[in-house]
Amino acid sequence: GWGKTHEERIAEANAILDSLGFTKGPDGIRVTPNGTRLSFKYIVEMQPITSPRLRTAEAITGYLKEIGIEISQFVPLSIPDTFRAVFFAPDNAKDWGFAEYTDGEPAYSWSDVTWFLMPPSGINYLAATGWHISEPEVAAQHAELCRNVLFMQDYDDIAETVRQIIKIQAEHLPLITIVFYPLWIWAYRTDKIINWNFDIVTKWQGGGFHIPWRPLAVCELTPVGWTPPSPSPSPSPGVSPSPSPSPSPSPSPGVSPRPSPTPTPTPTPTPSAGMPTEQILAITIIIIIIIIAIAAYLLYKRKTKKT
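Structure follows, in structure tokens:
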């Protein structure tokens, strides 16, 4: 669908469903050749970035309706409830068709691979869909390839194994990603982070894997009170730049100069030592996610024992 208009995409999707024998009923909702109505429950995890998730879910619901697929139930859930419904529920109790739960877009196709290796009772993407039951042999082959690539050192071996993983996913479609959007939205102070270069910087993503991800796909930095900086004139070659008309007072010996809290950012100052604020925030978020996941799993186990 890349590079096509909305109308072209809808027309192509309708043509594919028509060719599969999914005919539209009187109300415009399609049914399968055996008469099953294409009507599904849609689960959406509410945190983080609740507003973009809800807007995305509304858009997807509208697009599905245009091609004859109905969302009969729209269920916004908290993080623990989403984990229980999508990942921890028994296989015969999963009654949803769409689950909006995302980690953003990885820079490498194998960076998310550990999510496919966890046991079915854990946070396993493919097990959440029941693929390990419907196609156990292929699912086991996929898991073995994912496991092997984690321990490979040679680039060519990694590339070839990833090709095999992608081939299986393309042929069997155990999991289809519908949309990517930023995982986190962070606000920052322009007197602390100045002249941010979005093209070269990398961020550690929120899922806890130590692989740099493209920042614009995973994180959205929102400046607070930010205004575009005025371009500084470049000095001519061989000519020393003129002194500033309003020089700042020299700092005392042994004391590092502090950036002036002006509303218009100036050229990037020398970074101070210590852990950056955004890195502290990322680590804090990762710890919170881990605690929530553990708590949800323990609660699920406790409820299972009672029943």
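Just so you know, the sequence shown maps onto residues -16 to 290 in the numbering used here.
By construction, the Cβ of each residue, glycine as well, lies at the ideal position given by its N, Cα and C atoms.
Because the structure is a prediction, the values reported are computed rather than measured.
Item	Value
Residues near Gly221 by beta carbon distance below 8 Å, same chain, minus five either side	Note that Gly221 has pLDDT 47, beneath the 50 cutoff, so the model's placement of it is unreliable and no number is given.
Segment contact, 8 Å Cβ cut-off, at least three pairs: the region -7 to 11 with the region 43 to 61	yes
Through-space distance from Glu154 to Thr144, alpha-carbon basis	16 Å
Classification of Thr112 by the beta-carbon crowding that lies within 10 angstroms, buried from 16 upward	buried
Closest Cα partner of Ile275 within the set Gln30, Leu21, Ile116	Gln30
Simplified DSSP assignment, three categories, for Ile(-7)	helix
Meets three-Cβ-pair contact criterion under 8 Å: the region 51 to 62 and the region 12 to 26	yes
Ser2, DSSP secondary structure in three states	helix
Proximal residues to Pro63 (C-beta, below 8 Å), its chain only, five neighbours per side dropped	Ile275, Ala278, Ala279, Leu282
Beta-carbon proximity check, Ile141 vs Leu128, cutoff 8 Å	no
Simplified DSSP state of Phe134, which is helix, strand or coil	coil
CB contact flag (Trp79, Ile26, <8 Å)	yes
8 Å Cβ cutoff met for Pro157 and Trp114	yes
Ala72 - DSSP class collapsed to helix/strand/coil	coil
For Gln56 and Ala40, the rounded distance between their alpha carbons	12 Å
Helix, strand or coil at Lys48 according to DSSP, with G and I counted as helix	helix
Unbroken alpha helix (DSSP H) run spanning Ser117, endpoints	114 to 117
Inter-residue CB distance, Val297 and Ile151 (contact presumed, cutoff 8 Å)	Limits of the chain in this structure are -16 at one end and 290 at the other, which puts residue 297 out of reach.
Rounded separation between Arg285 and Asp1 - CA only	46 Å
Between the CA atoms of Ile270 and Asn(-3) - distance to the nearest angstrom	44 Å
Unbroken beta strand (DSSP E) run spanning Ile26, endpoints	22 to 28
Residue span of the beta strand (DSSP E) that contains Pro59, given as start and end	53 to 60
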